[in-house]
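J.:
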Amino acid sequence: MDLIFKNKKTITLALLPALLIFFVIVFMPIMRSFVYGFYKWNGLGEPIYVGWKNFIDILTDKIFWSAFKNNLFIVAASVLGQIPIGLLIAIVLNKKLKSTSFFRTIFFLPMILSTVVVGLLWSTIFNAQVGILNQLLTKLGLEKLEQDWLGNPKIAMYTISIVIIWQFVGFYMIIFLAALQNIPIDIIEAAEIDGAGELHKLFKITIPMIWDTIMAAVVLCIAGSMRTFDLVFVMTKGGPAHATELMATYMYNKTFEVYKYGYGSAVSLIIFILSLSLILISRKVMSKREDI
Amino acid sequence: MMYLNKKTILKFILFLILCIAGFTTLYPLIWMAYTSLKTNPEIIMSTFALPKSLHFENYVNAWNTANMDVYFFNSIFVCIASVALTIIVGALAAFILAKFQFRMKKFIYSLFIIGMLIPMQSVLVPLFIQMRTLRLLDNPLSLILTYTAFGLPITIFVLESFIKSFPDSIIEACVMDGGKIKHIFLEMILPMSRPAIATVIILNFLNNWKEFSFALIFMSSDSKKTLPLGLYNFIGAHSSNYAELMAAMMIASVPIIILYLILQEQIINGMTAGAVKG
Amino acid sequence: MSKRIISLVLMGCMLIAMVGCSSKSPEKKKEQEVVTNTKEDTNTAKTESNKQEEPVEKVKFTLWHSFVGADQRAEFMEKRLNDFREAHPEYEIDEQKIPRDQYQTKLKTEAAAGELPDAFVIWPNAMTKEFASASLLKDINGHLEENPEWRDSFVSRALDEFTVDGKTYSAGLGVSITSIVYYNKALFEKYNLEYPNSYAELLNVITVFKENGVIPIALGNKAKWPAQSTIFSCLANRETGSEWLDSALSGTGSKFTDPEFITALNKLKELTDMGAFNKDYNTIDEVEVRSYFYKGEAAMMIGGSWILPDMIKNAPEDIKANIEMTVLPGFEGGKGDPNTMSGVSSTGIAISAKASPEQQAAIEELIQFLTNEESQKLYAVYNIPVSSKTVQINESEMDPLYKKMLDLIKKYPMVAVYDSAMNSEMTDITNNGLQGIMIGSLTPEELAEELQKAVE
């Protein structure tokens, strides 16, 4: 038995295609990009080796740190928002009915839409001059709550997080839907016969049984949140005055707008290291909980 | 009686919440649909109003402006090829990582995480150079390989966590019966992973269908470009053609919606099948 | 069920095999390409057939430009390139059209990889300087010398802004005025107002409109450059005068911490704080904001000449009849000439340093073709300001709004736009800094110091 699951030949042969494609297309270019991080280069002329200078400049740039803070905010909102909501929706819709099939489709729609449309639509809803949300608040007599939802630097990140959660819940919903299929029905039925409540079933059966998938989802969520780009680029361009700047928009700006290619590459190496640390921490925390 | 009532009320509230949430996710599509039939001045003057008259010609113009007769089919080809490759290669790797024991396992698993941690924009230049070295520029294969490589992490994570929770006892029983690894993979792991495979097919297809940056820098002949490149033809520097943009996006969403409608049934269908096997 | 999965996998394998085959048999693929090409592009077909008739070797070059789709120059470019192909069958152009924002990404990516098309659209000032100082461009000085009549027809800006260290790399395809004040005459009349003649009057006008629920000035600053390019460049010039900016940037005499510059920043802040702009100015872009003006909800809109084609096409007729164009009023105590507006050359076509001498000659021919008298007349047809000072445009066929803009050009000389005088990094600081001042997260003094530090 063990021999089969330790067979080096099988392991190598089966992993080889994935590793080969990954190495050539992802790993090598990423390493090359990291090398640029040690050069002063405008992306056009001759690169000049400057050692750690770019990294020092980045780590002393307060705009970068506020971008990092904004990213952490999105990570928190996504991990605590998208994953629980996605899981709940998945559990509710995990039935073979016409109505659940309908809801499964429409909750996934935001994922299908182009970011341009999502950005345009939500910007119009949150608009301070003619926005639907403010109009609604006026009608309800809640003028005090009216806001410049995207233009006020104090709340713009909250607004953006709501849109991000809204757009990506469908993503986690279908991942969890798949995972839920792995729970044998008899276990749940047995629990129901014992008179277990919904909450009991959720925490004692469902979540433990799909814990591996939840952990994978958290990794995907952190990785995705740390390099969020499109939606912010479309909705606020990182503004006003860097208030919604993210590490990826910061990097893009340096690389393609202000001709600091080397600096931009150094930013991406830092994004890489920060994201990796976050993921490692999250896995540590989560696997501990599994032991309990 | 009381108990039943309480349950019905709870169910009703739940249904209500789902409906409200569902409305917010469905509305954008409806909005796109009727905006695609408006004229540009109409859209500029009142964003949310219904069209005064229906302008179906937007669809014809959009089809032509975005070169859809070529780009649309290029996109379908690239997406199907890359998704198929991703699933085959990814499922194999996921199976090994989930059920086999070897020293480098953790390291290899972490290696695939790397692919998700770097912003796409910073790999553009190095990957362009890589494709030039491989002589694959302006060749659909460059996109297929890239999409496959960047789709592998999510494919492997979802499948690995799914396969990992298959009870070892079933596989062991199969081995006892003299089953070879090849057969276990093809006849047991793959069918049992159907819900997860359907999920990653949807996610990968969607990503590849919408992917823009790589297509922009790798492809230069008009005969090989993909759909997202065509969509940007409507967004000008100082004015945008929203009416035709919406029409083009409606057309572009059709394949994805159809694919999702088919595959989401597969995700749930798996339940009974899985239970029988289990 | 498992059979279906297996068949799916098999289908996948077949697909991959197909891809493998097609990449292995290039001849077959070429054939297909030719077929599709002829179908979609008659021009290539034309050149293909020409090729068969005359055995003479053609000069072939690649051209990348951003005039596509909804771009105001898209039709112009298509028409003129067709004319060029007809006039010069000896050249073969491999043309790639890429929308503007994507164009920058693609061009810079390939430039970083050491690859550039033979001819490509380039922006004046900062971008030209970056490319020229990396020795990526060939200059057109020789061609300008040989064609003095053509050279002398340009307004100076159209060549100067593509000139680095005495070498000119392109010629602007028209010019862009960045700070036209479009105003709705009917709204001014409704509230018994006149277009202001001084800063105090401007404030008064804004207050009246504000009290009556009219947006005084429509602004869409999401992309960060509009406040700088359309408002601040001209506003600051009213305070500082025209020589000040160059002097401050070269560090010869003036400084960004000078009181006149701080006054200008403070005026922008004052206008913002008193509610001169629509509430959502930070979250909508320069295109979306036009709807306030087109609907008659905004009294003024400060913007570039690039708005004009859109305005002529999309603004309602009753509003169009009331649109007037002018410039910001002079400011009391300001050092600037009140009769100026800010402007910049439009993009031009540059030649890659790697182009062969034959290609260079062909591309120079194209640059001249796209800026000669006939082309300039065509700019006017598409409502783009011309970059020639000699061309005679037939006024009878002109849109009334375009005519109003021509009158502006005749009346007011152009001064530098901030982002054309600055390098890209300083522009970035300025754009974000102005936004910061407007939302109150930065003081004028802080921005002034930051800019001064960047110069030093």
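So the sequence lines, in the order shown, correspond to chains L, Y and X. For what it's worth, numbering that gives the first Met the number 0 labels the leading residue of the first sequence as 0, then goes sequentially. For what it's worth, numbering that gives the first Met the number 0 labels the leading residue of the second sequence as 0, then goes sequentially. For what it's worth, numbering that gives the first Met the number 0 labels the leading residue of the third sequence as 0, then goes sequentially. Think of the CB as a built atom: it goes at the ideal place given N, C-alpha and C, for glycine as much as any other residue.
Among all the DSSP beta bridges, which residues are the ones paired with X:Gly302?
T.: In DSSP, X:Gly302 forms a bridge with X:Ile179.
J.: Return the bridge partner residues of X:His64 from the DSSP annotation.
T.: According to DSSP, X:His64 bridges with X:Lys96.
J.: Give the residues of chain Y in contact with L:Gly50, contact being defined as C-beta atoms less than 9 Å apart.
T.: The contacting residues do not exist; L:Gly50 stays about 20 Å from chain Y at best.
J.: Can X:Phe119 and X:Leu62 be called in contact, C-beta distance under 8 Å?
T.: Yes. Within cutoff.
J.: Am I right that Y:Ile201 and L:Leu14 are in contact with their C-beta atoms under 8 Å? What's the rounded C-beta distance?
T.: Contact flag wrong, Cβ pair sits at about 25 Å.
J.: Quick check: the Cα distance between L:Thr212 and Y:Phe111, rounded to an integer number of angstroms?
T.: Distance between the alpha carbons of L:Thr212 and Y:Phe111 is about 16 Å.
J.: Buried or exposed for Y:Phe161, going by 16 or more other Cβ atoms inside 10 Å?
T.: With 16 or more Cβ atoms within 10 Å of its Cβ, Y:Phe161 is classed as buried.
J.: Interface residues of chain Y around X:Asp70 at Cβ under 9 Å?
T.: Near X:Asp70 (Cβ distances below 9 Å), the residues of chain Y are Gly235, Ala236, His237 and Ser238.
J.: Ordered along the chain, which non-local residues of its own chain (more than five positions away) have a Cβ less than 7 Å from that of L:Gly118?
T.: The residues are Leu230, Val233 and Met234.
J.: Closer than 8 Å by beta-carbon distance: list the chain L residues that pair up with Y:Thr46, in chain order.
T.: Within 8 Å Cβ-Cβ: Thr123.
J.: Among the candidates Y:Phe213, Y:Thr34 and Y:Ile95, whose CA atom is the shortest distance from the CA of Y:His54?
T.: With distances taken between Cα atoms, Y:His54 lies closest to Y:Thr34.
J.: Taking C-alpha atoms, which residue in Y:Phe76, Y:Leu96 and Y:Val77 lies nearest to L:Asn6?
T.: Here the closest residue by C-alpha is Y:Leu96.
J.: Between L:Ala17 and chain X, is the shortest Cβ-Cβ distance under 8 Å, so that the two count as touching?
T.: With 8 Å as the cut-off, L:Ala17 does not count as an interface residue toward chain X.
J.: Quick check: the Cα distance between X:Ala314 and X:Ala111, rounded to an integer number of angstroms?
T.: Approximately 42 Å, taken between the alpha carbons.
J.: Rounded to whole angstroms, what's the CA-CA distance from X:Pro123 to X:Asp272? Just pull it up for me.
T.: So the two alpha carbons sit approximately 34 Å from each other.
J.: Could you tell me whether the Cβ of Y:Lys10 comes closer than 8 Å to any Cβ of chain L?
T.: Not closer than 8 Å to any Cβ of chain L, the Cβ of Y:Lys10 fails to qualify, so no.
J.: Is L:Gly194 helix, strand or coil when you go by DSSP?
T.: Three-state DSSP puts L:Gly194 in coil, outside helix and strand.
J.: Are the C-beta atoms of X:Ser22 and some chain L residue less than 8 Å apart?
T.: Confidence in X:Ser22 is poor, its pLDDT being 41 and thus under 50, which makes the residue's placement unreliable; the coordinate value appears in the next sentence. It does not; no Cβ of chain L falls within 8 Å.
J.: Using only alpha-carbon positions, find the residue among Y:Gln263, Y:Gly114, Y:Ala65 and Y:Ile183 that is nearest to Y:Gly150.
T.: Comparing Cα-Cα distances from Y:Gly150 to each of Y:Gln263, Y:Gly114, Y:Ala65 and Y:Ile183, the minimum goes to Y:Gly114.
J.: Would you mind telling me which residues of chain Y sit closer than 8 Å to L:Ala247, beta carbon to beta carbon, in chain order?
T.: Here the neighbours are Pro118 and Gln120.
J.: Counting along the chain, where does the beta strand (DSSP E) carrying X:Gly342 start and finish?
T.: X:Gly342 -> beta strand (DSSP E) spans Met340 to Ser344.
J.: By how many angstroms is the C-alpha of X:Ala352 removed from the C-alpha of X:Ile362?
T.: Those two C-alpha atoms are separated by around 12 Å.
J.: Quick one: what does DSSP say X:Pro215 is sitting in, helix, strand or coil?
T.: In the structure shown, X:Pro215 sits in a strand (DSSP, three-state: E or B).
J.: Are three or more beta carbon pairs between the region 379-394 of chain X and the region 280-287 of chain X nearer than 8 Å?
T.: At 8 Å Cβ cutoff, the stretches do not touch.
J.: Does any residue of chain Y have a CB that is nearer than 8 Å to the CB of X:Asp398?
T.: No - not a single Cβ of chain Y is within 8 Å of the one on X:Asp398.
J.: Short of 6 Å in beta carbon distance, which residues of its chain neighbour Y:Pro152, apart from the five on each side in sequence? Order them along the chain.
T.: Answer for Y:Pro152: Phe111, Gly114 and Met115, listed in chain order.
J.: Would you say X:Phe130 lies against chain L (beta-carbon separation less than 8 Å)?
T.: Yes, X:Phe130 lies at the interface with chain L (some Cβ there is under 8 Å from its Cβ).
J.: Provide the residue(s) that pair with X:Met324 in DSSP beta bridges, ordered along the chain.
T.: BP columns for X:Met324 point to X:Tyr181.
J.: For chain X, check one thing: does any of its Cβ atoms lie closer than 8 Å to the Cβ of Y:Ser283?
T.: Residue 283 of chain Y falls outside the range modelled here, since chain Y spans only 0 to 277, and no answer is possible.
J.: Counting only Cβ pairs nearer than 7 Å, list the residues of chain X close to Y:Ile255.
T.: Chain X residues near Y:Ile255: none, gap ~18 Å exceeds 7 Å.
J.: Would you say X:Pro98 reaches chain Y, if we count a Cβ-Cβ gap shorter than 8 Å as a contact?
T.: By this cut-off, X:Pro98 is an interface position.
J.: X:Glu91 and X:Lys59 - do their beta-carbons sit closer together than 8 Å?
T.: Going by C-beta atoms, X:Lys59 is nearer than 8 Å to X:Glu91.
J.: State buried or exposed for Y:Gln100, treating a residue as buried only when at least 16 other CB atoms are found within 10 Å of its CB.
T.: Flag for Y:Gln100 reads exposed.
J.: Between X:Thr104 and chain L, is there a C-beta pair that is closer than 8 Å?
T.: Closer than 8 Å to some Cβ of chain L, the Cβ of X:Thr104 qualifies, so yes.
J.: Does L:Gly238 have its Cβ less than 8 Å from a Cβ in chain X?
T.: By this cut-off, L:Gly238 is an interface position.
J.: Tell me the rounded alpha-carbon separation between X:Ser345 and Y:Ser121.
T.: About 29 Å.
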